[in-house]
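2 protein chains.
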Amino acid sequence: MPEISPIRPTDDEARALARRLLDEARFGALGVIDPATATPLVTRIAVGTDSGGRPVSLVSDLSAHTRALKADPACSLLVGEPGARGDALTHPRLTLQARAHFVRAGDPGHGALRARWLAGHPKSTLYVDFADFAFVLFEVGAAHLNGGFGRAFVLSPGDLGLR
Amino acid sequence: MPEISPIRPTDDEARALARRLLDEARFGALGVIDPATATPLVTRIAVGTDSGGRPVSLVSDLSAHTRALKADPACSLLVGEPGARGDALTHPRLTLQARAHFVRAGDPGHGALRARWLAGHPKSTLYVDFADFAFVLFEVGAAHLNGGFGRAFVLSPGDLGLR
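Residue numbers (the working numbering), protein chains in the order written: chain A, 8 to 170; chain B, 8 to 170.
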C-alpha cells in the first residue's frame, strides 16, 4: 500500500511564495547539532540575504550556534514568522536545509556583505566590527515550503533562484 | 587563557522568565534530525503544556518532523516569539533540548492531554481525532534562556519547575 504523501507538485506560486518568505525574513530559527550532546539545538538568529539571494546571518563566536556550526556546518533555517494574531500553523513558512560558510573581516566578499547587511540591519552597526562577529552564508541544499494546512512543497535551490 | 563566557548565574528572574515563555507559547520551532540526510531540520509546530508544565505538541504522522522523531527522539524546541515590531534579537526566547515521547489515542494520559490541548487550541477539534495525529510530550533535559543581548542563562529542568 503506497504511503499517502502530503507533498504537492511545485508550481510558480509556490516558488514565488518561498522566495518572498526568504526575502522578507528579518530573523529565523536556526537548527544545528550541539557538539556537546550530538543532538539538535534551535536558536534565533538575524536573517538577511546576499546579492545573490542566499540567506545570510551575522553571528558571534561566543554563541552556542556558532560553536556548533564550526564543528558541523550542516544546519536548517526556518523563516516566515506569523503575526501576533491568528493561527500560526496557517501562516506560510519555509524550512531550508543548508551548509554554513563563515565570511570574516578580510575574507573575499566581506565588504559587500557588510554593506548590504547594515543597509537592512542598521542596529548591527554597534557590533558588526567586533572581533568575535562574522557573517554566515547558508548554501541551500533543499527547501520545504509549508503554505498552510495541507499545502506542502519540496523545493530545489533552483526553485528559489539560487545557483 | 580562559574563554569568555556570556552565561550569567541563574536567578529567580531568569527562572520566572523562562517559565513564562513556555507557558505563553502557542507555537515554536522544532529541530530534529532528518533521517534521510542525518542533518538538522527545523519546522513550526503548535505548542502547549501538560498539567505538569511540560511542553506538548499535536503532530501528524504525515509530517517530516514526526517521521524524524520516530527515528530519533532527540530534539530541540525554541519558544518565545517576537512581535511584528522592534528588534527580534532583543526579544527573550527559550531553547529546550528534549526527548520526544508519543502519546496516542488509547495510551495512558491521552484523554487528559486531549482535553487540556483543546481548551487552549480549540481549532484542533477539527483534526485531533484523525488517526494520523498524536500528542508529543517533550521531556526537557536542558534549557538555554536568552533574555536579550548579553543576557544568557543555562537552566535545568528543575529551574523550569519540571520533575
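All C-beta atoms, glycine included, are put in the ideal place defined by N, C-alpha and C. Given the structure is predicted, the values throughout are model-derived calculations rather than measurements.
| Looking only at its own chain, which residues have a Cβ that is under 7 Å from the Cβ of B:T73, when we skip the five neighbours before and after it? | Within the same chain, B:T73 has close Cβ partners V66, S67.
| field | Through-space distance from B:G127 to B:G60, alpha-carbon basis | value | Roughly 14 Å between the two C-alpha positions.
| task | Within its chain, find whatever has a CB closer than 8 Å to the CB of B:L167; leave out the 5 residues flanking it on each side and keep chain order. | result | Excluding sequence neighbours, B:L167 sits near R22, A25, R26, L29, G60, V147, A150.
| query | Which of the residues in the segment 94 to 112 of chain A, read from start to end, lie with their CB under 7 Å from any CB of chain B? | reply | Taking 7 Å as the Cβ-Cβ cut-off against chain B, the residues of the segment 94 to 112 of chain A that qualify are D94, A95, L96, R100, T102, Q104.
| request: Report the partner residues of B:G55 according to the DSSP bridge assignment. | output: B:V63, per the DSSP bridge assignment.
| Where A:A75 sits in the DSSP three-state scheme | Looking at A:A75 - three-state DSSP - the assignment turns out to be helix.
| said: Against B:A71, what residues of chain A qualify as contacts under a CB-to-CB distance less than 9 Å, listed in chain order? | reply: Those within 9 Å of B:A71 in chain A are T102, H151, A159.
| query | Using a C-beta to C-beta distance shorter than 9 Å, which residues of chain A count as neighbours of B:P16? | reply | Result: empty, since nearest Cβ-Cβ is about 17 Å, beyond 9 Å.
| message | Between B:V39 and chain A, is the shortest Cβ-Cβ distance under 8 Å, so that the two count as touching? | response | At a cut-off of 8 Å, the C-beta of B:V39 has a neighbouring C-beta in chain A.
| said: Restricting to Cα atoms, I'd like to know which of A:N153, A:E31, A:A122 is closest to A:P62. | reply: Residue A:E31 is the option with its Cα nearest to A:P62.
| request: Would you mind working out which of A:V54, A:A105, A:L76, A:E20 sits nearest A:A43, comparing C-alpha positions? | output: Selected option, being the one with the closest Cα: A:L76.
| said: Can you confirm whether the segment 112 to 132 of chain B touches the segment 152 to 167 of chain B when touching is taken to mean that 3 or more C-beta pairs between the two stretches lie within less than 8 Å? | reply: Between the segment 152 to 167 of chain B and the segment 112 to 132 of chain B, the count of C-beta pairs closer than 8 Å stays below three; the two stretches do not touch.
| task | Assign B:R170 to buried or exposed, taking buried as 16 or more other Cβ atoms, counted over all protein chains shown, within 10 Å of its Cβ. | result | Residue burial is scored here from C-beta neighbours: B:R170 has fewer than 16 other C-beta atoms within 10 angstroms and is therefore classed as exposed.
| field | Short CB-CB distance (under 8 Å) between B:T56 and chain A | value | Judged by the 8 Å Cβ criterion, B:T56 is not in contact with chain A.
| query | At what residues does the beta strand (DSSP E) containing B:A105 begin and finish? | reply | B:A105: member of the beta strand (DSSP E) spanning 100 to 110, first to last residue.
| Does the distance from the CB of B:S64 to the CB of B:V143 come in under 8 Å? | The Cβ-Cβ distance between B:S64 and B:V143 falls below 8 Å.
| Which partner residues of A:D41 appear in the DSSP bridge assignment? | A:D41 is bridged by DSSP to A:T46.
| query | With burial defined as no fewer than 16 other Cβ atoms inside 10 Å of the residue's Cβ, what is the status of B:T50: buried or exposed? | reply | Per the 10 Å Cβ criterion, buried.
| Which residues in the same chain have their Cβ closer than 7 Å to the Cβ of B:I14, if we skip the five residues on either side of it in sequence? | Counting only Cβ-Cβ distances below 7 Å, and skipping sequence neighbours, we find A159, F160, V161.
| query | Measuring CB to CB, does A:A105 end up less than 8 Å from A:S70? | reply | Cβ atoms of A:A105 and A:S70: not closer than 8 Å.
| said: Is there a C-beta anywhere in chain A that falls below 8 Å from the one on B:P47? | reply: Residue contact check for B:P47 against chain A: a CB pair falls below 8 Å.
| field | Helix, strand or coil at A:H117 [DSSP, three-state] | value | Here A:H117 sits in helix by DSSP.
| message | Need the endpoints of the beta strand (DSSP E) that A:L25 sits in, please. | response | It should be noted that the sequence gives Ala, not Leu, for residue 25 of chain A. Element bounds for A:A25: not the beta strand (DSSP E) but the alpha helix (DSSP H), 19 to 31.
| In chain B, which residues lie less than 7 Å from A:T50 when you measure between Cβ atoms? | When 7 Å is used as the limit between beta carbons, A:T50 is near these residues of chain B: L85, T102, in chain order.
| query | Where does A:G87 sit, in a helix, a strand or coil, going by DSSP? | reply | DSSP places A:G87 in the coil class of the three-state scheme, outside both helix and strand.
| Euclidean distance between Cα positions of B:A107 and B:A141 | The alpha-carbon atoms of B:A107 and B:A141 are separated by roughly 12 Å.
| task | Check the C-beta distance from A:G35 over to A:T97 and give it rounded, since I have them as a contact under 8 Å. | result | Going by Cβ atoms, the distance from A:G35 to A:T97 rounds to 19 Å, so no, they are not a contact pair.
| query | If you measure from the beta carbon of A:P9 to each beta carbon in chain B, is any gap under 8 Å? | reply | Low confidence applies here, because A:P9 scores a pLDDT of 46, under 50, leaving its location unreliable; read the following figure in that light. No, its Cβ sits nowhere closer than 8 Å to a Cβ of chain B.
| query | Helix, strand or coil for B:G127 per DSSP? | reply | Residue state, collapsed to three classes: helix.
| request: Using beta-carbon positions only, say whether B:G38 and A:G38 come within less than 8 Å of one another. | output: Pairing B:G38 with A:G38 gives a Cβ-Cβ distance under 8 Å.
| query | Considering B:F145, what are the terminal residues of the beta strand (DSSP E) in which it resides? | reply | Per DSSP, B:F145 belongs to the beta strand (DSSP E) from 140 to 153.
| task | State the start and end residues of the unbroken beta strand (DSSP E) segment that holds A:V135. | result | Where A:V135 is concerned, there is no enclosing beta strand (DSSP E), given that its DSSP letter is neither H nor E.
| query | Do you know offhand how far A:I52's Cα is from A:D41's? | reply | A:I52 and A:D41 have their C-alpha atoms spaced approximately 16 Å apart.
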